[in-house]
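**Student:** So that we are looking at the same thing, I have put the structure below in structure tokens.
Number of protein chains: 4
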Amino acid sequence: MIRVPAESPGPFPDAWRYCVGTGRLDLALRRDYQDSLALVRREIGFGHLRGHGLFSDGMGIHRPYTHRGARHVHHSFTHLDQVVDACLAAGIRPFLELGFMPSALAGGDDTVFWWRGNITPPRDTAEWTALVRATLTHLVGRYGAEEVRTWPVEVWNEPDLPQFWRDADEDAYHRLYEATAHAVKEVDAAIPVGGPALSPGARGWLERFAEFAERRDVPVDFVSRHAYTSGPAQHVPFGVHQTLAPAGRLLDQFAQPRRALAGTRLAGAPVHITEFNSSYRPDNPVHDTAFHAAYLAPVVVAGGDHADSFAYWTFCDVFEETGIPTAPFHGGFGLLTHRQIRKPVYHLYAFLARMGPDLLTRGDDHLVTRHRDGRVTVLAWAPVDPTGTSPVPARHPLRLSVPLGARGRGEAFVRRLGVDEEHGNAYAAWRRMGSPRSPSPHQLDVLHEAAEPARSHRRLPVTGGRVDLPLTLARHEVAFVELTRVSDETPPWWDERRLLGRDPG
Amino acid sequence: MIRVPAESPGPFPDAWRYCVGTGRLDLALRRDYQDSLALVRREIGFGHLRGHGLFSDGMGIHRPYTHRGARHVHHSFTHLDQVVDACLAAGIRPFLELGFMPSALAGGDDTVFWWRGNITPPRDTAEWTALVRATLTHLVGRYGAEEVRTWPVEVWNEPDLPQFWRDADEDAYHRLYEATAHAVKEVDAAIPVGGPALSPGARGWLERFAEFAERRDVPVDFVSRHAYTSGPAQHVPFGVHQTLAPAGRLLDQFAQPRRALAGTRLAGAPVHITEFNSSYRPDNPVHDTAFHAAYLAPVVVAGGDHADSFAYWTFCDVFEETGIPTAPFHGGFGLLTHRQIRKPVYHLYAFLARMGPDLLTRGDDHLVTRHRDGRVTVLAWAPVDPTGTSPVPARHPLRLSVPLGARGRGEAFVRRLGVDEEHGNAYAAWRRMGSPRSPSPHQLDVLHEAAEPARSHRRLPVTGGRVDLPLTLARHEVAFVELTRVSDETPPWWDERRLLGRDPG
Amino acid sequence: MIRVPAESPGPFPDAWRYCVGTGRLDLALRRDYQDSLALVRREIGFGHLRGHGLFSDGMGIHRPYTHRGARHVHHSFTHLDQVVDACLAAGIRPFLELGFMPSALAGGDDTVFWWRGNITPPRDTAEWTALVRATLTHLVGRYGAEEVRTWPVEVWNEPDLPQFWRDADEDAYHRLYEATAHAVKEVDAAIPVGGPALSPGARGWLERFAEFAERRDVPVDFVSRHAYTSGPAQHVPFGVHQTLAPAGRLLDQFAQPRRALAGTRLAGAPVHITEFNSSYRPDNPVHDTAFHAAYLAPVVVAGGDHADSFAYWTFCDVFEETGIPTAPFHGGFGLLTHRQIRKPVYHLYAFLARMGPDLLTRGDDHLVTRHRDGRVTVLAWAPVDPTGTSPVPARHPLRLSVPLGARGRGEAFVRRLGVDEEHGNAYAAWRRMGSPRSPSPHQLDVLHEAAEPARSHRRLPVTGGRVDLPLTLARHEVAFVELTRVSDETPPWWDERRLLGRDPG
Amino acid sequence: MIRVPAESPGPFPDAWRYCVGTGRLDLALRRDYQDSLALVRREIGFGHLRGHGLFSDGMGIHRPYTHRGARHVHHSFTHLDQVVDACLAAGIRPFLELGFMPSALAGGDDTVFWWRGNITPPRDTAEWTALVRATLTHLVGRYGAEEVRTWPVEVWNEPDLPQFWRDADEDAYHRLYEATAHAVKEVDAAIPVGGPALSPGARGWLERFAEFAERRDVPVDFVSRHAYTSGPAQHVPFGVHQTLAPAGRLLDQFAQPRRALAGTRLAGAPVHITEFNSSYRPDNPVHDTAFHAAYLAPVVVAGGDHADSFAYWTFCDVFEETGIPTAPFHGGFGLLTHRQIRKPVYHLYAFLARMGPDLLTRGDDHLVTRHRDGRVTVLAWAPVDPTGTSPVPARHPLRLSVPLGARGRGEAFVRRLGVDEEHGNAYAAWRRMGSPRSPSPHQLDVLHEAAEPARSHRRLPVTGGRVDLPLTLARHEVAFVELTRVSDETPPWWDERRLLGRDPG
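Protein chains in written order, with the numbering used here: chain F, 27 to 531; chain U, 27 to 531; chain L, 27 to 531; chain C, 27 to 531.
Now the structure itself:
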């Protein structure tokens with residue numbers, strides 16, 4: 027039995043909900059997207075939202091035209107205003123990623139994704155920095171400098187990969203970063219700017235970025251990278267399968283920037299993991315499973331030890347990098363499918379959002395916190411086997427001695443929520459329903475119902491100020507348990523035996 | 027095993043949802059009430075709403091005044107319009123009960139209830155009929171004759187009880203009925219009028235009402251009575267306990283009017299049971315229990331055999347006959363507590379609302395119906411023991427052979443919802459929480475959560491066009507089961523073994 | 027003075043609101059679009075919605091893939107379901123236009139519009155008809171045959187223009203039509219199919235289409251064409267100017283199909299004008315003006331004489347044929363701008379939606395109807411000068427003698443709404459504000475306010491059952507006037523002179 | 027011409043919106059009330075809400091019962107929680123008035139109002155203080171001490187009037203105050219407590235209250251009184267007429283506490299005018315008129331000079347002191363009628379809510395403020411004649427020289443809203459409609475429409491950094507004018523002459 031200490035060693039850090047990822051920004055114009063955003067904001071409470079495509083053609087910002095024979099560029103914010111208004115209305119702030127290249131400013135035709143984000147350097151740096159300045163200036167004008175200073179600005183995405191930056195040209199990226207960072211600071215020196223938004227495989231890039239920044243005296247207010255644990259994609263139609271490394275590998279990746287930058291000028295800079303997930307593919311069915319929630323639970327709980335934020339990629343399945351999804355469960359990144367069906371990993375985050383501000387203890391399969399009103403909350407998870415080599419048991423036992431209020435005897439009201447292979451698992455229901463590609467409204471209702479966690483409650487005795495809490499976790503279960511000391515208001519005249527139908531047992 | 031026939035013998039009648047009861051009409055001005063009404067309308071779909079107090083002072087319709095020395099009466103519809111607008115906005119129609127007496131028209135000071143409904147005859151019959159005519163005329167003007175003709179009009183409430191009609195004066199009631207019925211018909215002959223809204227204990231009243239109606243040639247478009255099964259109240263502070271007769275006694279009461287009126291001019295008249303419940307007290311804890319849902323299940327399923335409607339008394343706990351409730355669970359009549367916590371009996375009705383239009387079979391512990399799209403739905407319930415003399419078993423087994431689509435092999439998706447002593451039972455959770463009288467917002471959230479039914483799903487084989495469906499019901503369980511034939515869209519390339527974390531078992 | 031007859035010669039036809047146009051269908055996924063759709067549905071009540079792009083890549087329906095070395099096509103309805111669900115939720119039905127070509131099925135690379143709708147014939151007719159059948163079959167399965175039979179299906183768009191159909195190849199269109207119409211009928215013979223959706227300039231196409239249909243015995247349940255009155259585009263950056271023919275030219279175009287088809291097998295077929303507007307350009311400022319409402323008023327009032335429907339192109343400015351709009355007022359087709367600012371022409375439609383079912387009279391500058399409750403409603407409009415050659419006066423007088431209830435004296439409550447150069451004219455306000463490209467939230471509030479019509483009310487005497495109603499219309503005004511006979515409930519004790527601050531005059 | 031200074035002498039104080047009055051607290055359970063509250067909160071932004079009846083029987087807090095032969099009291103918060111939750115959900119805080127007396131604790135049967143508030147002292151002071159303590163303790167437990175400390179607590183209402191406090195017994199009030207204030211402080215010493223909530227006619231009470239508080243060392247955190255200007259009621263059925271003193275008399279009353287308390291221990295205490303209006307009757311038609319808004323405008327603008335708050339009595343017509351209203355316009359106190367029709371005085375407040383934080387100048391007929399973004403806003407009002415002896419002119423001219431941005435030339439966008447005898451005046455429309463007692467839904471729509479202010483906009487030149495703003499106010503007009511410096515974004519290629527239908531003039 028694990029004895030949870032009664033004194034808190036400190037707060038449970040908020041890094042897990044600082045930011046979350048999203049599909050390309052113009053998808054934020056959609057109702058399904060906005061409904062999903064409102065839901066995750068209400069039930070999870072992410073602070074920022076980061077996605078690609080701010081400067082891509084679908085946002086319509088960079089608009090060249092000819093007048094009296096001369097080329098001009100108009101900067102238009104029709105879509106950007108709607109996107110940012112929608113975010114702020116939902117209570118979530120932009121984490122601005124500057125990219126990709128507007129086609130009329132692009133140095134080439136190379137694109138990434140089904141929606142063709144142009145990944146080439148600008149053919150005119152002055153036109154690019156004018157675009158950056160105009161955009162930031164507009165945002166400051168519309169939303170106020172005080173607000174915009176809380177929006178980190180990241181330069182480009184994964185420049186170390188040729189899919190995202192032509193030839194993965196490191197010098198070209200440094201040049202882009204330098205011009206861009208200065209352009210941002212010209213608008214308002216207090217707007218934080220950073221990069222280089224590296225992919226997991228980048229070798230030496232971060233060190234060289236630090237060295238470049240020092241050499242050129244370029245502003246870097248934070249550093250960023252991404253983290254994924256999947257192997258190569260094995261394709262099937264509309265999907266892939268991949269192997270996964272153990273989840274701890276994600277924590278290693280989160281920790282890498284602080285290690286790499288120790289001793290450089292960027293040593294103290296905030297580290298933002300601006301994307302993380304198991305698989306980097308939006309069509310890997312693992313994202314939809316109970317396994318996935320249990321796999322990521324220890325990462326989400328411990329990630330704050332290693333980075334200032336780590337952004338789950340992505341909050342919903344309105345996302346089209348490999349095309350428009352062909353089924354409600356298609357292996358998308360989202361915490362939510364289209365139409366707001368909660369996946370198991372959604373519940374992992376929603377459970378975490380119900381934890382208290384004061385950490386009591388943490389372990390391999392549990393996290394215990396306390397609320398200011400005295401409630402104690404437990405997050406517990408079963409072990410997983412991503413390799414398929416050491417199958418996990420059907421039941422995982424865990425027993426905690428939980429401090430609950432002052433010493434003495436009493437009773438605790440214990441509420442438990444759980445998701446596993448059977449519960450809170452709309453994917454399992456969908457498979458049983460026959461994997462309907464276009465579920466009917468009735469089927470959507472059933473899927474929403476199947477996505478609700480298992481719920482139960484009971485009373486346990488408090489002895490010596492403690493509750494002996496035995497938990498048995500099902501396969502791939504993630505459980506949330508809340509313990510509240512009972513203050514009994516049952517009136518003195520109440521006689522349970524007079525209630526009709528009471529259990530005689 | 028019970029073999030459910032594949033052919034429907036006919037429709038499952040809708041009498042169970044024709045009407046539902048409510049606390050006094052001016053409570054309909056409240057937001058909590060309107061929110062509750064919208065919820066029951068959406069999830070259950072009652073057609074009409076009947077409550078006391080249309081002419082009581084809280085509705086402010088009858089408004090005498092003096093002008094130039096003479097007494098006049100103004101008929102004012104400020105509240106009535108808001109009440110009826112709210113009902114119609116929720117999609118539910120009034121079932122008008124004409125009563126009680128405005129104090130300025132009353133023949134005495136006798137009142138009923140904490141809110142003092144005056145139960146005396148009018149001191150001026152012409153002023154009463156003017157009130158009736160003015161009210162109906164106003165309603166026809168505002169909502170149209172076509173609409174108002176769908177609103178039955180019932181004269182008074184339980185005149186056979188001295189608490190509700192001074193001295194239970196039968197002749198006086200007949201006079202009131204006659205004057206009132208004619209007044210209604212003067213406004214529009216197609217508005218249905220009826221009575222006499224008798225209490226369960228009325229002896230001979232219905233026969234004499236028929237005889238009176240024939241003798242005086244008075245219009246009677248329907249007859250009405252009430253049904254309850256509880257014994258005398260044993261009081262505790264803010265509550266009572268009572269014995270209950272077996273639920274079948276309710277069906278006897280439903281059936282009594284057709285028996286009593288056989289051979290009279292009213293033999294063919296529609297019979298509306300305008301109130302029914304187990305206990306007639308709004309402070310008996312039985313209303314809040316899982317026992318109550320299981321007790322009433324066979325009544326709600328079979329009631330349509332005996333009457334054209336039977337109105338559960340009442341849809342929500344916004345109801346103040348014995349005073350303002352002092353706790354969220356106080357034994358109120360409501361399907362819903364204040365703030366829309368669903369009670370087990372709410373789910374009984376919500377499950378019934380999901381049954382199909384075509385009856386397949388009915389039994390002591392089950393009802394099976396079919397939807398037009400082929401889904402088969404089962405309502406099943408465990409036996410109860412209201413007397414405390416023959417305790418029910420902890421498990422009640424039931425096994426059905428359910429026809430599902432054409433002959434041949436296949437699979438069925440089976441979805442089950444259930445409420446019992448542990449599930450869908452906010453009352454049990456509230457007791458465990460310590461019976462908080464004024465639950466905090468967090469406790470209200472937990473109670474809403476605890477009120478959700480248990481949910482599960484599985485696949486069962488279809489053999490020879492049938493599913494062998496074993497159901498084991500828990501103590502006091504009411505279960506809803508839906509069977510859908512699976513049309514499998516799993517693509518040919520899907521290989522379950524490639525899914526990470528799949529159960530190797 | 028025009029004497030309005032007291033007897034109605036018949037109903038005012040509903041052709042004006044049978045259908046309305048929209049930008050490409052996947053824009054229906056946007057929140058701004060859905061909010062706009064809900065608004066026009068509530069305040070105007072269009073029955074159907076027609077737009078391009080059902081089969082374009084942005085809807086993601088046609089999805090080829092390779093499995094075990096063979097090419098297959100999956101038909102995916104992820105977006106289509108969301109689009110149709112959104113329409114039906116708003117209470118509006120699809121008018122399905124089958125087109126453009128999925129790029130993976132296209133016979134060439136030619137595209138139209140900024141969003142690149144492919145305008146080439148299918149490279150495989152069987153794959154095209156499979157796509158049509160699969161889509162209709164899916165819709166019938168999801169929404170029911172009874173529902174889908176109310177959705178007209180139109181084959182392609184403006185095949186007589188090379189921008190919309192490669193080489194404007196008439197035979198190729200006939201082949202496409204024939205294959206498509208048969209495919210639709212295979213799904214359900216009661217689904218109406220038609221075409222050929224001609225542009226205004228098509229010469230002889232309709233006659234040849236009728237002849238082809240007869241010769242090949244191809245089903246044609248309705249015929250369709252478009253109507254516009256603008257001359258060639260004179261370009262400026264992000265916009266055009268054009269001349270306009272007099273509005274009566276639109277009525278000529280509406281009338282052309284019945285004339286052309288007289289004597290053919292299609293003589294009795296319903297005629298749908300599936301697009302009409304003044305200018306065919308989505309960047310002509312005329313669409314935003316008060317002039318435009320007054321220009322179209324006589325067309326909208328009289329159009330029902332000539333066609334079974336005529337669909338305003340389009341209901342809102344979420345529309346991107348020439349790119350993403352760069353300002354809230356950019357000359358878009360919409361009745362509404364982005365963010366639901368009502369344009370003057372929106373009010374023309376909203377006023378028409380308030381007219382009664384019974385026509386009383388119609389004239390060059392007015393329409394008078396009566397409601398079932400006796401109210402009389404007038405739509406009146408000032409003359410316009412599209413040519414700039416005969417400037418219109420600042421004031422246009424009109425005087426009507428309006429029958430209002432039975433003969434005799436009394437009073438009328440007269441309510442007037444109007445839009446003109448100063449009122450209900452957000453465009454004028456926007457120009458005065460300095461034409462802000464990205465209005466701030468406060469500016470948007472002011473624009474919404476400026477878009478509200480002028481409102482006034484007064485009392486006029488009724489003499490001999492008639493009201494002498496003088497109306498003076500401002501420049502480009504469209505006015506709505508409602509006359510109600512006053513039923514005075516002022517109590518006898520009311521003495522106006524006792525009201526403090528009353529006008530002594 | 028009045029030259030508005032360019033420099034602000036200081037902020038415009040917020041006293042006008044610190045608090046607003048309401049009908050008895052249990053009316054807050056109604057939907058109409060809550061809808062009205064949400065509206066005034068959104069458009070006006072009152073901070074607190076004060077009403078009678080917290081301890082009256084309709085709130086059901088004081089609940090005596092007998093158990094085992096002994097009398098006990100249960101304190102029940104079923105309604106209070108719903109009321110406070112509703113306020114806080116609307117963003118408005120309670121200003122708690124402790125009263126009237128629960129009937130089971132009352133020392134007598136005397137009541138006030140149609141709803142019978144008991145106005146007698148407690149028959150047991152200990153039971154009263156237990157009630158106060160229990161209620162405050164519950165509120166602190168539910169909403170937190172930090173929150174409840176922002177809710178002033180006022181002891182009783184108008185004890186100087188025998189209608190509100192038996193025999194207007196001053197010593198009995200002092201005893202009640204003392205016991206109550208100590209009970210409040212026992213719960214939390216930081217909760218502000220005060221009184222004595224005097225009526226306008228109280229003579230010497232405040233001075234004696236200060237002397238009593240000093241003598242007995244009783245906590246008094248604020249002092250309160252009421253202000254009205256009407257003469258005696260002249261009754262008609264369902265209404266009254268009264269004379270009114272000039273509005274300046276209200277300011278005298280606001281100023282009286284500071285004068286009276288100068289030199290006492292309460293000299294520095296905050297002064298809350300916890301009720302004010304012209305007439306103290308809820309059935310005087312003056313409340314519904316445009317006259318009323320113009321009459322109160324100078325009071326609302328200047329009141330902050332004299333008191334820390336002054337609460338308009340009341341925010342809506344859901345109010346029943348003289349019975350349930352018999353018509354939508356019945357002379358109620360409300361800023362809003364039932365169903366949220368805005369009265370002219372509502373607009374006075376809504377206009378004030380749009381004024382900027384920085385005062386520029388104030389005068390007899392105007393107030394000018396500036397927003398942080400540079401906009402200048404003007405509130406202007408026409409003179410009134412409450413006595414009927416010196417009729418006001420039909421037009422009231424006013425001319426301001428308004429500083430707008432830096433020196434130099436330019437243009438201003440000027441937006442004007444106004445309410446007067448013709449505009450923003452639903453009462454005038456209702457009279458013209460024939461004073462319908464129970465307006466139909468269509469009539470309600472027309473009344474909402476008629477309640478909208480007149481709106482116009484224009485451009486004026488800026489010369490030397492100033493706009494010459496001539497305003498002509500109509501009879502009883504209250505106008506809001508907003509001036510914004512135009513930043514012109516009209517593109518260089520725009521040629522107004524090319525716009526079809528442009529005014530050639």
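We put the CB at the ideal spot given by N, CA and C, even for glycine.
Quick one: give me the first and last residue of the beta strand (DSSP E) that F:Phe-81 is part of.
**Tutor:** F:Phe-81 -> no beta strand (DSSP E), and no H or E assigned at all.
**Student:** Report the option in L:Trp-520, L:His-98, L:Phe-121, L:Leu-114 whose CA atom is closest to the CA atom of L:Arg-76.
**Tutor:** Out of L:Trp-520, L:His-98, L:Phe-121, L:Leu-114, L:Phe-121 has the C-alpha closest to the C-alpha of L:Arg-76.
**Student:** Answer yes if the segment 439-458 of chain F comes into contact with the segment 313-326 of chain F, meaning at least three C-beta pairs across the two stretches below 8 Å, and no otherwise.
**Tutor:** Flag = yes, the segment 313-326 of chain F and the segment 439-458 of chain F touch.
**Student:** Under 7 Å Cβ-Cβ, which residues of chain L neighbour F:Met-419?
**Tutor:** Note on identity: in this sequence residue 419 of chain F is Pro, with Met being the wrong assignment. Simply none; closest approach about 37 Å.
**Student:** Do the segment 60-78 of chain C and the segment 36-51 of chain C make contact, defined as three or more Cβ pairs closer than 8 Å?
**Tutor:** Short answer: they touch.
**Student:** Could you check what DSSP says for C:Pro-226 in three-state terms: helix, strand or coil?
**Tutor:** Correct three-state label for C:Pro-226: coil.
**Student:** Is U:Tyr-44 helix, strand or coil by DSSP?
**Tutor:** Correct three-state label for U:Tyr-44: coil.
**Student:** Would U:Leu-424 and U:Ser-34 be called neighbours here (beta carbons separated by less than 8 Å)?
**Tutor:** No, they are not a contact pair.
**Student:** Considering C:Ser-427, what are the terminal residues of the beta strand (DSSP E) in which it resides?
**Tutor:** Element bounds for C:Ser-427: 421-429.
**Student:** According to DSSP, what are the bridge partners of L:Pro-487?
**Tutor:** L:Glu-437, per the DSSP bridge assignment.
**Student:** Going by DSSP, what residue range makes up the beta strand (DSSP E) through U:Ser-102?
**Tutor:** Segment: none, U:Ser-102 is in no beta strand (DSSP E) and carries neither H nor E.
**Student:** Can you give me the Cβ contacts of U:Pro-462 inside the same chain, cut-off strictly under 6 Å, excluding the 5 residues immediately before and after it?
**Tutor:** If we look at U:Pro-462 and ignore the five residues flanking it on each side, its Cβ neighbours are Gln-469.
**Student:** Can you check whether the C-beta of C:His-105 is within less than 8 Å of a C-beta belonging to chain F?
**Tutor:** Output row for C:His-105: interface = no.
**Student:** According to the neighbour-count rule (16 or more other Cβ atoms, all chains shown, within 10 Å of its Cβ), is L:Pro-222 buried or exposed?
**Tutor:** By the 10 Å Cβ count, L:Pro-222 comes out buried.
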